[in-house]
Every structure is written in structure tokens, then in C-alpha cells.
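This report concerns only the one structure given below.
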Amino acid sequence: MRYEEELIDEVREKNDIVDVISSYVSLKKRGSNYVGLCPFHNEKTPSFSVSRDKQMYYCFGCGQGGNVYTFLMEYNRLSFVEALQELAKRAGVELPEREQTAEEKQQADARLTLRDMNKEAAVYFHYLLKSKRGTQALAYLKDRGLSDEMINQFGLGYADIYRDDLYQYLKAKGFSDYQMKESSLVNIDTVKGNYDKFFNRVIFPIMDINQRVIGFGGRVMGEGEPKYLNSRETILFDKGRNLYGLNYAKRSRSKSLILCEGYMDVISLHQAGFTNAVAPLGTAFTPNQAMLLKRYTNEVILSFDSDGAGVKAALRALPILRENGLRGRVLSMKPYKDPDELIKAEGQEGYQKRIEEAESGRMFELLVLYGQYNQQDPESRTEFIHEIAKKLAQIEEPLERQTYLASAANRFMIRKNDLENLVNRYGLGYQYEKVNEQYKTSPETEERRQEKKKSNKNQPQRLLLTWLVEHPEMYQYIRAYIGADDFIEPLYHSVAIMLFEQLDNEEKINPAAILSRFTDAEEQKEIAAIFNTHLKYGLSSEDEDKALSDVVRKVKLASIEDEMVHTSDIVRWQELLSLKNKMQKFSISRS
């Protein structure tokens, strides 16, 4: 049994795409659309656009696009049915009972198998840590000051020195070579032999917010590279969309969450009573992780190492927090290296005092700038003042900008009026730059250049579809000359059939409904691009008629020529030749 299209449409229509995506991505209204940082690739300037009118999203940077179903499938790695069920629950729509298709059952079984395998591996690693074989690893954890309670709570373990130890264990549990290969726990190699991904390492099981093991991190015992090793990404595990320790931190009664650098930092802080600590998973902090934090707090305290790398990590994380609606503060670790050292030296009370004294994110950025200039040298100090003015000019909210301006002037001993004049001067330039940023196109990769070249011959078909979506009133002037069958590119032909049907029935154009009829991810991206392309404005009515005539003519002539190539009927061929000659002179006039 499959769900009826009417039910699929009902669920989609009851879930406004802006409301749904806003729970994952921080969006700001810009014109008729909403924009934010794309959750599907790393970017500093928002190129991710969500349209309430079209009920679609599109990223002008990476090309990802679709409707509300597509977003949940891509973001949460769900099947279509899982996305439908989640949205139905959200909208209060009751779905009829149905049997899974063979493909859905296969996907569900693969997820279940991987969860079972991860659980078995975690249990085995923990058993090894407590056995004689794990003596060295257990001693390492004890030397780091971890209690038995913390070792057990976080399920810490040990991967033995034998290269196929876990492989043999999982094999005995009934898992196949194929299943183990898909898990990322074991490398299946017919030439070198099968061997474990983790060996001779302390193991940190990584859990999702529902306490299920989705991956592992491992720290090498003794010398070796890499020092820390993480599971590769699987159908359950995405490094950029999970945080270590969040399964416990989400229960904390604290109003803020502490973001630190690694596994040991998190465990040490939890042991000291700071159960609101989390960490990224071996990668730089991402917008997706920021939105994950946003579900549980409005304030994040950065507790990174006090070295240069820690400062850089904080400077990268702060704008991401801001863009996703989170307040960021930075805890000073000096003169200690990390949270563990600080707590051992000053205790829980000392760390709590550091939290209370943590600098606001913007002031931390200004203090870092202060340290980069020689304040005793007039020229260097002047450059510093200009740089902080540029920073302050980027604060959009007037009251916040004035508050920081006054604070910076006082802290860095600058005349407030002088600093304010500079901020206002740079503010004009910043706003101009920001307005123009939306018109910049992202640099094309070689692959995208090749795709663009390949699609040039189909460009008129694509353009005509976009034109009709943007200006449906033009349909009445071309309907007598062109039909859906004139779109010879298969994908565009399918879109044209549904679009022309909506136009013939004088319905409001519904791009999201059209997109719902396609399941292939690449096709969805292409259709989303069609519906999110904007035509250049500023043409006179006469010039617009000429431009549309040209596009219609090209589509129709390509259709005629294609049929002429494939027909063996001489009478039909002559008819097509005559029609081709007529179309050469085709033009539209609304006057």
C-alpha cells in the first residue's frame, strides 16, 4: 500500500516550509523570501533562500533545493515515508496503516542492523577496558582523573592491539562482512585481510540525543597518528549534525550550554558537576550544530583551549552562533591550557567563577584585536581603532551597537564621539556591501561549468518554464503556439505537463506540489532551480515581448527539428517544414 497523493499534498500544505525550516536554520526576512546560512554546505554569507509563496527552498551556493519533504529527508537523513510521518504528526494528520515497500524495509533493516552492531561494539569495547587486556587504557583514564562513575556513564572502552579483534567478535555475533563494511567499524579487504578501524585505542562511544550509539571516537595509546580517530559518516552518523555529550547535557537545568573542544573536556566537566558541557566531533563547529544547540538554550559559553588554535576556534564559532540566534560568551582559561587543568588547579568554584566572568562574544573579538596591535605606537593604535570601528559597524541592531560602542570606548580609552563617527562612516560602506552581496554569484567549480555547458541546448526550455512561473499572465499569449510536448528534455516535459495543467485550470501555480511528484534527488534540485531562478527586470513591455517571443521560438523550433529527425512520414515532414518556416517569423504583441 502506498499513501495517496491527496494525503501527501494535505500533509505538505499543513506544514508551512518557513515554520519547519526555522526550527533547524535561523532565517531572516529579506523581501518576499527568508534567507539564512545553508545547512548543506559551509558558508559565511547567507545564500539559502526559503519562499513561503512557492513553499520551496533553494541554495544559490550549492544548488540544493526542494520542498518541505525534501528538506527533512536531506537534513535528518530520513526516507520519504519517515519525513511524511514526522510532518503528519506535526500537523495532527492521522496516517492510515500501511505496509513498508521492499526498499523502505531494506533501509529500515539497515538502520536497525547498524544500531545493533554499534551497541554490540560498545559493549565489547567496555568489557575489554575492564578486562586484563585493557589495563593500560584504564590506567590512562584513571591518570586523567576520571572516576569509575564517569567511565561507566559515558561507556568508555578499549580497542585491543589485535587488528581483527572486533571483526572476529562481530562475526561470531552473526554480522556479515557486508554489514560490517557498511558500519565503518571494520575494513573489508580481500587482499590485505579484514581489519578493525580502531585498535590500541581508548574508545569514546558517540550517542545521539536518544542515547543510541551512532559512532565512535578513539584516542591512540602511546605514540601514533592520528591522535584522535572518528568513525566515518554512515546512515546513522553525521559529524556536523551531532555533538558529543548532548544526550546528557540536554537534561541540565542550566540556562546555558558549555561548548568545549574534545571528549575528555566534556567528561571532565561533567565529573566536576558541569553537566551542560558538549563538544564537536573532531570537526570545526558547524551551523547545523549551532541549530542543534538552539533547541535547548539561547546562550553558549565557549570553553576552548587557551592556545592560538583555541582562540581561532572561538573566533570561527562566534559568528556561527550569532547567525543562528544564539548568544555566545567566551570563558578565559589562562593561565591554564584546558578545562581539566583549570578545574584541577582552582576546583569547581574557580571554573564557576570563570563562567560568571566570561566575556561577551563581541567584546572577546575586540580584545583579540587589541592584542594584535602595539597600543604604544600611534600608527598601530590608529589602525586598531579603525578595525574595531569596522567590527562595531557590522552590528545591525542600533541599541546593541550603541551599547558596545560605549563599552569599547571606555575599555580601550577612545573618545566616544571619535569612535562613533568612524562607526557611522564604516556603517554606510558595510550596508552597501551587504546589499550587493546578494547579487554576487558563487564561484563555479569545474564540474558545474561542465554541467552548464552540457545544458545550454536545453536552456530555452528551462527559461520558458521559469518565465511562466514568474509571469503566469503571459501564458494566454503563447498557449496557441506551444504545448507541453514541445519540451523535449524529459524532465522539463514532465514539469511542463503539470505546470500547463495548473495554468489551463487557472489555478495558482503550486511549485511545491509539482516537486512532490519527483523522487530523484538530482531531479528535485533541477526543478527547484527552475522555480527559484529570477528573470532580469527593467525591460519595457515591447522588449519583454521580443524576449519571450525569442524563447518560445527556440523551444518550438527545437521541438520541430527533433520530430523531423525521427519521422519517416514524408507528408508529416513537409508539414513540419512549413511550420518551421512560419515559426521563424513568430512574435508576440500585447499592444
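Start counting the sequence shown at 1; every next residue gets the next number (the UniProt record's numbering). We put the CB at the ideal spot given by N, CA and C, even for glycine.
Sorted by chain position, which residues of the same chain lie with C-beta nearer than 6 angstroms to residue i's C-beta, five sequence neighbours on each side aside?
i      : result
Phe384 : Tyr373
Gln153 : none
Arg381 : Gln375
Thr234 : Ser184
Pro511 : Lys54, Met56 and Phe531
Met207 : Val213 and Asn247
Asn118 : Val213
So, helix, strand or coil for residue i, using DSSP?
i           : result
Arg30       : strand
Leu302      : strand
Asp160      : coil
Gly328      : strand
residue 636 : Because the chain is modelled from 1 through 591, residue 636 falls outside the range shown and cannot be assessed.
Asp550      : helix
Met291      : helix
Asn187      : strand
Met333      : coil
Asp545      : helix
Asp338      : coil
Ala558      : helix
Arg354      : helix
Ala513      : helix
Asp148      : helix
Val25       : coil
Phe198      : coil
Ala284      : coil
Tyr481      : coil
Gly92       : coil
Tyr248      : helix
Ser79       : coil
Residues in the same chain with beta-carbon distance under 7 angstroms from residue i, minus the five sequence neighbours each way, listed in chain order, please.
i      : result
Val571 : none
Thr403 : none
Ile488 : Ala558, Ser559 and Asp562
Asp305 : Glu261, Met333, Lys337 and Asp338
Arg248 : Looking at the sequence shown, residue 248 is not Arg but Tyr. Answer for Tyr248: His270 and Thr275, listed in chain order.
Gly36  : Val25, Ser26, Leu27, Lys28, Pro46 and Phe48
Asn288 : Pro39, Gly240 and Arg241
Ala137 : Leu129, Tyr158, Val202 and Met221
Gly134 : Leu128 and Tyr158
Arg462 : Tyr492 and Ile530
Ala290 : Ile320, Leu321, Asn324 and Leu326
Span of the beta strand (DSSP E) holding residue i?
i      : result
Arg133 : Looking at the DSSP string, Arg133 is not in any beta strand (DSSP E), and its letter there is neither H nor E.
Met413 : Premise fails: Met413 is in no beta strand (DSSP E) and is neither H nor E.
Phe48  : Phe48 to Ser51
Ser256 : Ser256 to Cys260
Asn230 : Tyr228 to Asn230
Phe204 : Arg201 to Met207
Less than 8 angstroms between the CB atoms is what I'm expecting for residue i and residue j, so what's the real figure, rounded?
i      : j      : result
Ala529 : Gly61  : No, Ala529 and Gly61 are not in contact; Cβ-Cβ is about 12 angstroms, not under 8 angstroms.
Ser184 : Arg232 : 4 angstroms
Lys54  : Phe412 : At roughly 48 angstroms, the Cβ-Cβ gap does not stay under 8 angstroms, so Lys54 and Phe412 are not in contact.
Ala121 : Leu166 : 6 angstroms
Leu468 : Met474 : 7 angstroms
Leu281 : Tyr244 : 6 angstroms
Asp9   : Ala513 : 6 angstroms
Gly328 : Gly361 : 4 angstroms
Glu182 : Leu114 : 7 angstroms
Need the endpoints of the alpha helix (DSSP H) that residue i sits in, please.
i      : result
Gly61  : Careful: Gly61 lies outside any alpha helix (DSSP H) and carries neither H nor E.
Val20  : Ile17 to Ser22
Ile267 : Tyr263 to Gln271
Arg12  : Glu5 to Glu13
Arg362 : Gly361 to Gly371
Met474 : Neither: Met474 is in no alpha helix (DSSP H) and is coded neither H nor E.
Arg316 : Gly308 to Glu323
Pro490 : Pro490 to Asp504
Asp165 : Asp165 to Ala172
Thr70  : Val68 to Asn76
Val571 : Ile570 to Met583
Glu379 : Pro378 to Ala393
Ala521 : Ala521 to Asn532
Among residues of its own chain, excluding the 5 on either side of residue i, which ones have a beta-carbon nearer than 8 angstroms to its beta-carbon?
i           : result
Val18       : Leu27, Tyr34, Val50 and Arg52
Leu579      : Ile560
Phe586      : Tyr481, Ser549, Val552, Arg553 and Lys556
Ala88       : Val11, Glu94 and Leu95
residue 623 : Past the edges of the chain, shown from 1 to 591, lies residue 623, and the structure says nothing about it.
Stretch pair the segment 284-299 + the segment 360-369: three plus CB contacts closer than 8 angstroms: Contact annotation: the segment 284-299 does not touch the segment 360-369, with fewer than three C-beta pairs closer than 8 angstroms.
Is it a yes or a no for the segment 102-109 touching the segment 192-199, going by three-plus beta-carbon pairs under 8 angstroms? Under the three-pair Cβ rule at 8 angstroms, the segment 102-109 does not count as touching the segment 192-199.
Could you say if the segment 304-319 and the segment 208-219 meet the contact criterion of at least three C-beta pairs nearer than 8 angstroms? They do not touch, by the three-pair rule.
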